[in-house]
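There are 2 protein chains.
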Amino acid sequence: MKNINIWLDQIQNDYKAAVSVDCVIFGYDDQNLKILLSKCDMPPFENQFSLLGDIVHPNETTDEAAYRVLVERTGISNIYLEQVQAFSAPNRHPLGRVITISYYSLIQIDQTFLDHVAAHPDLILKSVNEVHTLAFDHKLIMDTCLTKLQKNLREHPLGFKLLPSRFTLLQLQNLYESVLGITLDKRNFRRKMNTLGILKESGEIESDVPHRPAKYYYFDETAYHDRVELGFSFGF
Amino acid sequence: MKNINIWLDQIQNDYKAAVSVDCVIFGYDDQNLKILLSKCDMPPFENQFSLLGDIVHPNETTDEAAYRVLVERTGISNIYLEQVQAFSAPNRHPLGRVITISYYSLIQIDQTFLDHVAAHPDLILKSVNEVHTLAFDHKLIMDTCLTKLQKNLREHPLGFKLLPSRFTLLQLQNLYESVLGITLDKRNFRRKMNTLGILKESGEIESDVPHRPAKYYYFDETAYHDRVELGFSFGF
DNA sequence: GCAAAAGTGTTCGCTCTACACCCATGG
DNA sequence: CCATGGGTGTAGAGCGAACACTTTTGC
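In order, the protein sequence lines correspond to chains F and X.
Residues in the first sequence are numbered from 2 upward in steps of one, following my numbering.
Residues in the second sequence are numbered from 2 upward in steps of one, following my numbering.
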């Protein structure tokens, strides 16, 4: 163990770094996986987009900082948030040493959210597969978070967090297909959801659709928690 | 996007934090999962044990810092290392704000390593299941890393990194049983390893054992990489 | 009546599980 | 000869994959 005075000295002096959080905010619009970005005005990245982030304040955890960024920038509270990993290349930030802790979060793209984005010209919602370059190392962060989202989506019932509280089975299937980049068999998918027992019919059905109306389902949290103890996997 | 001057100000002044790495170093001694710890001399944790860690230097990544700690403290290079997550409770360190990035690593407990530990009185090797309390929030970090190790062990061929380069199938099975806390069927386990095709016989066998000598196997890295493309799981 | 999505069962192959005995060696 | 772990095969169950047609609605 290193001498305490060396520690004290390093902690209080030039071994300090700025620590930030960066949030990869995913949404889904019944077509594509989207990401919420911000216009960047910092040289040399002017006119590029960046993730939503901020420096971590002295009296908050990184989780709290990420949550604060989400609430401040999106107006939404009660957001699903998951820490992904730290990025710490010494030259990743033009203003000096900034180590960032990345998070991804899942939001529902509803009209309120779209209005919020429209009212804030610095915000933009892009399709993930159309994002080819971002400020800083944010493209790398986005890709890392996307990979982690895909993995978690196969192992945990997260898809619901990207959908409205009531949704049809086709919406849910399309979501998995589009985020995971796979195709699924309709009958197998529906049987799977059925046997998992974590969805309940809401009793409502679609209206004004030019085809047979679909039933609306919702995610049954308590049934899920009963199941999760014995291991859980979607199996695709 | 926040004004650049605010950023600059915060980065350069009191929003800075010390950033450290903490390494959960796992080993396996043919009996139990072990962890390498260090005696702690920092109040109020005197006479407790802590993880091996250090502050991150200005010109290195956290990966590099973790690797540096491992080489400096264990004498081993070429160690498997995986970032787990950041811990950032504002009061987690008595000397001030220290955000830590945790890593776990897997080492082989051979005679060289045991000699190294014996030669350094500040180091101690303990059975993971006998560690009930550690300095700082290191018990929480250890538990988090153990959970992640168990998950990764089921999904990736990591077990080999805890064993000598040549090992018997029983050694391997015992490792999985003891780290995952499960029991496995001998025949099914052997068939599984066989069909995965990632083990090769070395041609050598045990000697001086009071029973039929076992074959030594080694992990066939290239066969694994051929397989891994199509998804990989041990299925237990 | 037509376009468009909803909804529904069966078969096949693979994988996991459970289970018991003989073999080779050292002492 | 005995104790110890090494090493082997088979049968049953459950799960994922493949696959096609009828139903309901709006226009």
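Every residue gets a Cβ at the ideal spot worked out from N, C-alpha and C, and that includes glycine.
Predicted model only: the values in this text are computed from it and were never measured.
Neighbour-count burial assignment, F/G204, 16 or more Cβ in a 10 Å radius: Walking along the first sequence from the start, residue 204 of chain F turns up at place 203. So F/G204 ends up on the exposed side.
Backbone secondary structure at X/Y16 - three-state DSSP: Counted from its first residue, the second sequence places residue 16 of chain X at position 15. In the structure shown, X/Y16 sits in coil (DSSP, three-state: anything other than H, G, I, E or B).
Against chain X, does F/I125 count as a neighbour if the rule is that its beta carbon must be under 7 Å from one of theirs? In the first sequence, residue 125 of chain F corresponds to position 124, counting from 1. No, F/I125 lies away from the interface with chain X (no Cβ there is under 7 Å from its Cβ).
Any idea if X/G236 is buried or exposed, counting beta-carbon neighbours within 10 angstroms, 16 or more meaning buried? On the second sequence, residue 236 of chain X is found 235 positions in, with the first residue counted as 1. That one is exposed.
Within 10 Å of its beta-carbon, does F/D15 have 16 or more other beta-carbons around it, so buried, or fewer, so exposed? The residue labelled residue 15 of chain F in the question sits at position 14 within the first sequence. Burial call: exposed.
Exposed or buried, F/I26, counting other C-beta atoms within 10 Å across all chains shown (16 or more means buried)? The residue labelled residue 26 of chain F in the question sits at position 25 within the first sequence. With at least 16 other beta carbons inside 10 angstroms of its own, F/I26 counts as buried.
Near F/L170, what residues of its chain come up, given a Cβ to Cβ distance below 6 Å and the 5 sequence neighbours on each side ignored? If you number the first sequence from 1, residue 170 of chain F lands on position 169. Closer than 6 Å at the Cβ level, and outside the excluded window around F/L170, lie R191.
Use the C-beta contact count for X/R213: other C-beta atoms within 10 angstroms, 16 or more gives buried, fewer gives exposed. Counted from its first residue, the second sequence places residue 213 of chain X at position 212. So X/R213 ends up on the exposed side.
Proximity of F/A215 and F/E207 at Cβ, strictly below 7 Å: Reading the first sequence from its first residue, position 214 is the one you call residue 215 of chain F. Reading the first sequence from its first residue, position 206 is the one you call residue 207 of chain F. Result yes, Cβ atoms of F/A215 and F/E207 sit closer than 7 Å.
8 Å Cβ cut-off: residues of chain F touching X/Q151: What you label residue 151 of chain X is simply residue 150 of the second sequence in a count that begins at 1. What X/Q151 touches in chain F: nothing, since even the nearest Cβ is about 13 Å away.
Roughly how many angstroms separate the alpha carbons of F/G28 and F/T184, rounded to a whole number? For the purposes of this step, residue 28 of chain F is taken as residue 27 along the first sequence, with counting starting at 1. For the purposes of this step, residue 184 of chain F is taken as residue 183 along the first sequence, with counting starting at 1. The alpha-carbon atoms of F/G28 and F/T184 are separated by roughly 20 Å.
Helix, strand or coil for X/Q112, going by three-state DSSP, please let me know. The residue you call residue 112 of chain X lines up with position 111 of the second sequence. Three-state DSSP puts X/Q112 in a helix.
Closest Cβ-Cβ distance between X/A18 and chain F: below 7 Å? To locate residue 18 of chain X, count along the second sequence from 1; it is residue 17. So, interface residue.
Environment of F/E131 [buried if 16+ CB atoms lie within 10 Å]: If you number the first sequence from 1, residue 131 of chain F lands on position 130. The C-beta of F/E131 has fewer than 16 other C-beta atoms within 10 Å across all chains shown, which makes the residue exposed.
Enclosing alpha helix (DSSP H) for F/A224 [first to last residue]: Sequence index remark: in the first sequence, residue 224 of chain F carries index 223 (1-based). 222–229 is the span of the alpha helix (DSSP H), which, as asked, contains F/A224.
Could you confirm whether any beta carbon from chain F is found closer than 7 Å to the beta carbon of X/A87? As a working note, residue 87 of chain X is residue 86 in the second sequence. Yes, X/A87 lies at the interface with chain F (some Cβ there is under 7 Å from its Cβ).
Taking 7 Å as the CB-CB cut-off, is X/T148 touching chain F? In the second sequence, residue 148 of chain X corresponds to position 147, counting from 1. Not closer than 7 Å to any Cβ of chain F, the Cβ of X/T148 fails to qualify, so no.
Under 7 Å, Cβ to Cβ, is there at least one residue of chain X near F/N60? Along the first sequence, read from residue 1 onward, the residue named residue 60 of chain F stands at position 59. With 7 Å as the cut-off, F/N60 counts as an interface residue toward chain X.
Less than 7 Å between CB atoms is the rule here; does X/A224 satisfy it with respect to chain F? Translated into positions along the second sequence, residue 224 of chain X becomes position 223. No, its Cβ sits nowhere closer than 7 Å to a Cβ of chain F.
Quick one: list the residues of chain F neighbouring X/Q84, beta-carbon separation under 7 Å, in chain order. The residue you call residue 84 of chain X lines up with position 83 of the second sequence. Here the neighbours are Q86, A87.
Do you know how far the Cα of X/L200 is from the Cα of F/R228? As a working note, residue 228 of chain F is residue 227 in the first sequence. As a working note, residue 200 of chain X is residue 199 in the second sequence. Pairing F/R228 with X/L200, the inter-Cα distance amounts to about 35 Å.
Rounded to whole angstroms, what is the Cα-Cα separation between X/A119 and F/V57? Counting from one through the second sequence, the residue named residue 119 of chain X turns up at place 118. Counting from one through the first sequence, the residue named residue 57 of chain F turns up at place 56. Going by the C-alpha atoms only, they are around 41 Å apart.
Chain X contact residues for F/A90, given Cβ-Cβ distances below 9 Å: Against the first sequence, residue 90 of chain F aligns to sequence position 89. Result: T62.
Bounding residues of the alpha helix (DSSP H) (the contiguous stretch that carries X/K140): For the purposes of this step, residue 140 of chain X is taken as the residue at position 139 of the second sequence. Element bounds for X/K140: 139–156.
Please report whether the beta-carbon of F/I183 lies at a distance below 7 Å from any beta-carbon of chain X. As a first step, residue 183 of chain F must be located in the first sequence, where it is residue number 182. F/I183 has a beta carbon lying at 7 Å or more from every beta carbon in chain X.
Which chain X residues are close to F/V57, counting only those with a beta carbon under 8 Å from its beta carbon? Translated into positions along the first sequence, residue 57 of chain F becomes position 56. Within 8 Å Cβ-Cβ: Y16, A18, S89, I100.
Do X/S103 and X/V129 have their C-beta atoms closer together than 7 Å? Here the question's residue 103 of chain X lines up with position 102 in the second sequence. Here the question's residue 129 of chain X lines up with position 128 in the second sequence. Not in contact: X/S103 and X/V129 (Cβ atoms no closer than 7 Å).
Counting C-beta neighbours from all protein chains within 10 Å, is the total for X/K152 16 or more, i.e. buried, or is it exposed? For the purposes of this step, residue 152 of chain X is taken as the residue at position 151 of the second sequence. Counting Cβ neighbours within 10 Å, X/K152 comes out exposed, since fewer than 16 surround it.
For F/D221, which residues from the same chain have a beta carbon less than 7 Å from its beta carbon, with the 5 sequence-adjacent residues on both sides left out? Residue numbering aside, residue 221 of chain F sits at position 220 when the first sequence is read from its first letter. Correct list, in chain order: I199, L200, K201.
In terms of alpha-carbon separation, which member of F/H117, F/K193, F/F161, F/N33 lies closest to F/L107? Against the first sequence, residue 107 of chain F aligns to sequence position 106. Nearest of F/H117, F/K193, F/F161, F/N33 to F/L107, Cα basis: F/F161.
Using DSSP bridges, identify the partner residues of F/Y217. As a working note, residue 217 of chain F is residue 216 in the first sequence. BP columns for F/Y217 are empty, so no partner.
What is the rounded straight-line gap between the Cα of X/I80 and the Cα of X/E156? As a position in the second sequence, residue 80 of chain X is number 79, starting the count at 1. As a position in the second sequence, residue 156 of chain X is number 155, starting the count at 1. Straight-line Cα distance between these residues: approximately 19 Å.
Can you round the beta-carbon distance between X/R93 and X/D55 to whole angstroms, since I take them to be within the 8 Å contact cut? Against the second sequence, residue 93 of chain X aligns to sequence position 92. Against the second sequence, residue 55 of chain X aligns to sequence position 54. Contact doesn't hold; Cβ gap of about 16 Å is too wide.
Compare the Cα-Cα distances from X/S39 to each of X/Y68, X/L53, X/N175 and report the closest residue. Within the second sequence, residue 39 of chain X is the residue found at index 38, counting from 1. Nearest of X/Y68, X/L53, X/N175 to X/S39, Cα basis: X/L53.
Where F/D123 and X/P122 are concerned, what is the direct C-alpha to C-alpha distance, given to the nearest angstrom? Sequence index remark: in the first sequence, residue 123 of chain F carries index 122 (1-based). Sequence index remark: in the second sequence, residue 122 of chain X carries index 121 (1-based). Rounded to the nearest whole angstrom, the C-alpha separation of F/D123 and X/P122 is 57 Å.
Using a Cβ-Cβ cut-off of 7 Å (strictly less than) and excluding sequence neighbours within five positions of F/H117, which residues of its own chain qualify? Taking the first sequence and counting its residues from 1, the one referred to as residue 117 of chain F is at position 116. For F/H117, where only same-chain residues beyond five positions count, the Cβ hits under 7 Å are T75, G76.
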